[in-house]
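Numbering (the numbering used here), first residue to last: 1 to 184.
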DNA sequence: GTACAGATTGAG
DNA sequence: TCAATCTGTACT
């Protein structure tokens, strides 16, 4: 995928990522999966974002990079969370990849954000990696892009702490009826 | 230096 | 319903 794809508005990128193929080269092998579920986190105003009110720390600085870079971090002491930065440099926006449908070489579950990172052998060494230039992880166009009618919008998962408004805003997207979406 | 909570998961 | 497990961040 080109840089221009990732620099579009975050909500648009979150929806257009559905159906794209995420490719990861691991020990010379191709691991690939179709993205079936995403969530948008939109910078300073989003109370659920790590960059709420523009907060910038060593941990979340990748959120501020120009679209197409990897923001990866550890939650609950054991699960990695894969995000792609979006929009322009300095804008703290990103899309969380929540679930994949396995296509090639994947032998572990990928129906959750922590699980997909385990299946694709992703960790902090990917922090800040450029998806447009990396030789070990990138995105390819899927064969068919889901029609708008096949995309479901709902509230994001696991962010109740953000309060009644931000925890309910419908910034989670997934492919309708897909068996690999998390929280069946 | 110490305390604390989290964009999850799988077991009971 | 609940514990595992650890890092970034805030506070003393």
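All C-beta atoms in this analysis are idealised placements derived from N, C-alpha and C, irrespective of residue type, glycine included.
Every value quoted in this text rests on a predicted model; they were computed, and no experiment measured them.
Under the DSSP definition of a beta bridge, residue 101 partners with 34. DSSP places residue 24 inside the beta strand (DSSP E), whose first and last residues are 21-26. The region 48-62 and the region 70-86 touch, with no fewer than 3 CB-CB distances between them shorter than 8 Å. Distance between residue 16 and residue 30, taken at the CA atoms: about 23 Å.
Across the set 23, 39, 83, 8, the C-alpha of 23 shows the shortest separation from the C-alpha of residue 104. Burial of residue 172 is indicated by the presence of at least 16 other C-beta atoms within 10 angstroms of its C-beta.
Contact check for residue 165 and residue 93: beta-carbon distance about 18 Å, past the 8 Å limit, so the pair fails to qualify. One thing to note: residue 19 has its Cβ no nearer than 8 Å to the Cβ of residue 157. Pairwise C-beta distances place the region 117-127 out of contact with the region 7-14, as fewer than three of them are shorter than 8 Å. The beta carbon of residue 142 is closer than 7 Å to those of 19, 20, 21, 34 in its chain, skipping five residues each way along the sequence.
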